[in-house]
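Student: Residue numbers (the numbering used here), protein chains in the order written: chain A, 1 to 226; chain B, 1 to 194. Ideal Cβ placement from N, Cα and C applies to all residues, glycine included. One structure follows; several queries about it will come next.
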Amino acid sequence: MLQYNKYDSNTIGADSMNELWELFWVFAKIGVMTFGGGYAMLPMMQRELVENRGWITDEELLDYFAIAQCTPGVIAVNTATFVGQKRRGVAGGIIATLGVIFPSLVIICALAGLINRFDNLAVVQNAFAGIRACVCVLIFNAICKLWKGSVKNLLGFIIFLTVAVASYFLDISPAVFVLIAAIIGAVPEFIRTRKDIRASQGARADASGRTHADKQEPGKKGGNEQ
Amino acid sequence: MILLRLFWEFFKTGLFAVGGGLATLPFLSRMGATTGWFTQTQLTDMIAVSESTPGPLGENMATYVGFTIAGIPGAIAATLGLTTPSIIVILLIAAFLRNFQDNHYVKAIFACLRPTSTGLIAAAGLSVAVMTFLPGDVDVAKVGLAAAINWKAVLLAAILLVLTRVVKQTKKLHPIVWILISAVVGIVFDFAKA
C-alpha cells in the first residue's frame, strides 16, 4: 500500500509506462521459464516478485495461489492479474496477464505452424503415435495427484465417480456438471447457516429473557413459566 | 466470424474450467466433438506439445487450437477468450473480496467442485486412452479385441507407468523427458502402423 502510494504520488506518464512495461516483462519471463504451469511456477514467482522486487510478500503470494485454485482459469494468469492489479490497478492487471501468456503464444504458434506443415511425414506420425501413449500415462499421473487434493471423503468419492461415469457415457457439457456441483455444495451450507443464525438468535433471546427475569424478580422464577 | 466464435468457445471454457492445467481437457474434448475443429487424436497431440513447451497448459492448448483453426489471429482470439473470464473474476475479487478463499460458501462449493473437476478429467482421460490403445479405424467386432488393441502403445505405456510411479531414480524426471523418449520409441518401432 505504502509503495503503491509512493508510485502514485509522483505519477508522471513515463514513470507509469515504465512500471507497466516492467510488469509485462517480468511476467513474460515467468511465463517463459516455467514448464507445465501450476505449482511449478511458485519458486520462480517467489524469486522474481518477492525477493528481487519486493512487489508482494510470501504470504500474499500463497494467498493468490489459494484464490487461484478457487477461481476459474489458469493459476499463473490469476496470480499475474493479482500482482499487476496491486501495482498499477486494472491496467496493471491486464498488462501483467498479457505478459504471462505472451511467450507461449509466440512459441506455440511457431511450433503449431511446423507441426501442421509436417504432420503427414511418416517420422512425425510415428513420433506422435509414441507420444500419445506417453500422454495417457501423464494424464493418469495428473489425475492421481489431483485425487489426493480433491477426493477427501465418501461424498467426494461419490461425486467423483458419478461425474466420471456420467460424463463418459452421456452427452452432457462439462459446464453442467460444474454448475450442479456448485449448487450441491452451496445449498446445504446455506441451510446450515440459516439454522445457525436462527439458533444463535434463539439463544440470545433466551439468554436476554432469563437475565431480564433474574434482574426483575429474583424470587419468583417459577411464575414466569405459567 | 470464426474469430468471434473461437473467442466465445474459449471464454466458456475459461469460465467453467476450475483448478488449472488439465481442467480445460474435458471442455476441449467436447469442443472438438461439437465444432469439428479438431479430432481427439489431434487433441492428444496438442497436450503433448503443450506439456513440452513453457507456459501454462490451458493457454498453450488454446493457442494451439486457435492457430490450427485460423492462424495467428485465431491463436490470439482463443487465448484471450480463455483468459478474459479469469481476469474479470480476479479483478472483482481484488476489489471487493479480499478473504475470498476463506469464505465458508466458497469452501463448501469447492469441496464439491474439486472432485467434479477430477471426475471430468478422468472421463476425458479415459476417452484419450481408449482412442490410443484401441484405434478407431479398426472394427473390434470383426477382428476381435486382441487384434484391435494397439499392443505397442500398451507396452510403452506400461513401461512408462512403472518408470514414472515406481522406480525412485526416474520418478521425479520432467514429463518432457518421457515425451521425447516416447517420440524416439515411436519412430524406431513404427508406432503409426499398429
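Return the CA-CA distance between residue 172(A) and residue 147(A), expressed in angstroms with no decimal places.
Tutor: In a straight line, the C-alpha of residue 172(A) is about 23 Å away from that of residue 147(A).
Student: What is the DSSP secondary structure of residue 221(B), counted as helix, strand or coil?
Tutor: Lying before the first or after the last residue shown, residue 221(B) is absent from chain B, which here runs from 1 to 194.
Student: Rounded to whole angstroms, what is the Cα-Cα separation between residue 227(A) and residue 51(B)?
Tutor: Outside the shown range of chain A, which is 1 to 226, sits residue 227(A), and nothing can be said about it.
Student: Can you list the residues of chain B that residue 147(A) reaches, using a CB-CB cut of under 7 Å?
Tutor: The answer, in chain order, is 118.
Student: Listing by chain order, which chain D residues have their CB less than 7 Å from the CB of residue 66(A)?
Tutor: Of the protein chains in the structure, A and B, none is chain D.
Student: Starting from residue 32(B), find everything on chain A with Cβ-Cβ shorter than 8 Å and list it in chain order.
Tutor: Simply none; closest approach about 13 Å.
Student: Whole beta strand (DSSP E) runs in the stretch 32-74 of chain B with 3 or more residues, listed along the chain?
Tutor: List check, beta strand (DSSP E) in window: nothing returned.
Student: With a threshold of 6 Å on Cβ separation, who are the neighbours of residue 113(B) within its own chain once the five nearest residues in sequence on each side are excluded?
Tutor: Closer than 6 Å at Cβ, skipping near neighbours: 18.
Student: Helix, strand or coil for residue 2(A) per DSSP?
Tutor: The predicted model places residue 2(A) with a pLDDT of 41, which falls under 50 and marks its position as unreliable; any figure quoted below should be read in that light. In this structure, residue 2(A) counts as helix in the three-state DSSP scheme.
Student: Note down, one range per segment and in chain order, each alpha helix (DSSP H) of at least 4 residues found wholly within the stretch 110-158 of chain B.
Tutor: Runs found: 140-143 and 145-148.
Student: Classify residue 17(A): buried if its beta carbon has 16 or more other beta carbons within 10 angstroms, exposed otherwise.
Tutor: Exposed.
Student: Can you check which of these residues, 197(A), 176(A), 86(A) and 193(A), is closest to residue 104(B) by C-alpha distance?
Tutor: Nearest of 197(A), 176(A), 86(A) and 193(A) to residue 104(B), Cα basis: 193(A).
Student: Is any beta-carbon of chain A found at less than 8 Å from that of residue 108(B)?
Tutor: Taking Cβ atoms only, chain A reaches closer than 8 Å to residue 108(B), which makes this a yes.
Student: Between residue 7(B) and residue 14(B), what straight-line distance do the alpha-carbon atoms span, to the nearest angstrom?
Tutor: Taking the straight line from one Cα to the other gives about 10 Å.
Student: Given a limit of 7 Å on CB to CB distance, which residues of the stretch 72-85 of chain A reach chain B?
Tutor: Those residues of the stretch 72-85 of chain A that come within reach of chain B (Cβ to Cβ, closer than 7 Å) are 72, 73, 74, 75, 76, 77, 78, 81, 82 and 85.
Student: Can you name, in chain order, every residue of its own chain whose Cβ lies under 7 Å from the Cβ of residue 106(B), other than the five neighbours on each side?
Tutor: Contacts found: 100.
Student: When the distance is taken between beta carbons, is residue 121(B) closer than 8 Å to residue 48(B)?
Tutor: Result no, Cβ atoms of residue 48(B) and residue 121(B) do not sit closer than 8 Å.
Student: Taking C-beta pairs closer than 8 Å, name the residues in chain A that residue 196(B) reaches, listed in chain order.
Tutor: Because chain B is modelled from 1 through 194, residue 196(B) falls outside the range shown and cannot be assessed.
Student: As a quick exercise: from 79(A), 69(A), 70(A) and 75(A), pick the residue whose alpha carbon is nearest that of residue 55(A).
Tutor: That would be 79(A), whose Cα lies nearest to the Cα of residue 55(A).
Student: Would you mind working out which of 37(B), 66(B) and 148(B) sits nearest residue 193(B), comparing C-alpha positions?
Tutor: Taking only the C-alpha atoms, the option nearest residue 193(B) is 148(B).
Student: Which same chain residues, not among the five before or five after residue 123(B), have their C-beta less than 7 Å away from its C-beta?
Tutor: Cβ within range, chain order: 26.
Student: Note down, one range per segment and in chain order, each alpha helix (DSSP H) of at least 4 residues found wholly within the stretch 132-197 of chain A.
Tutor: Fully enclosed alpha helix (DSSP H) runs of 4 or longer: 154-169.
Student: Does residue 17(A) have its Cβ less than 8 Å from a Cβ in chain B?
Tutor: Residue 17(A) does not count as touching chain B.
Student: What residues from the stretch 23-49 of chain B come within 7 Å of chain A, judged by C-beta to C-beta, listed N to C?
Tutor: Correct list: 26, 27, 30, 44, 45, 47, 48 and 49.
Student: If we count Cβ pairs, one from each stretch, closer than 8 Å, do we get three or more for the stretch 50-69 of chain B versus the stretch 79-98 of chain A?
Tutor: These segments do not touch.
Student: Could you name the residues of chain B that residue 94(A) contacts, counting a contact when the two beta carbons are closer than 9 Å?
Tutor: 87 and 91, listed in chain order.
Student: With three or more beta-carbon pairs closer than 8 Å as the criterion, would you say the stretch 117-124 of chain A touches the stretch 98-107 of chain A?
Tutor: No, the stretch 117-124 of chain A is not in contact with the stretch 98-107 of chain A.
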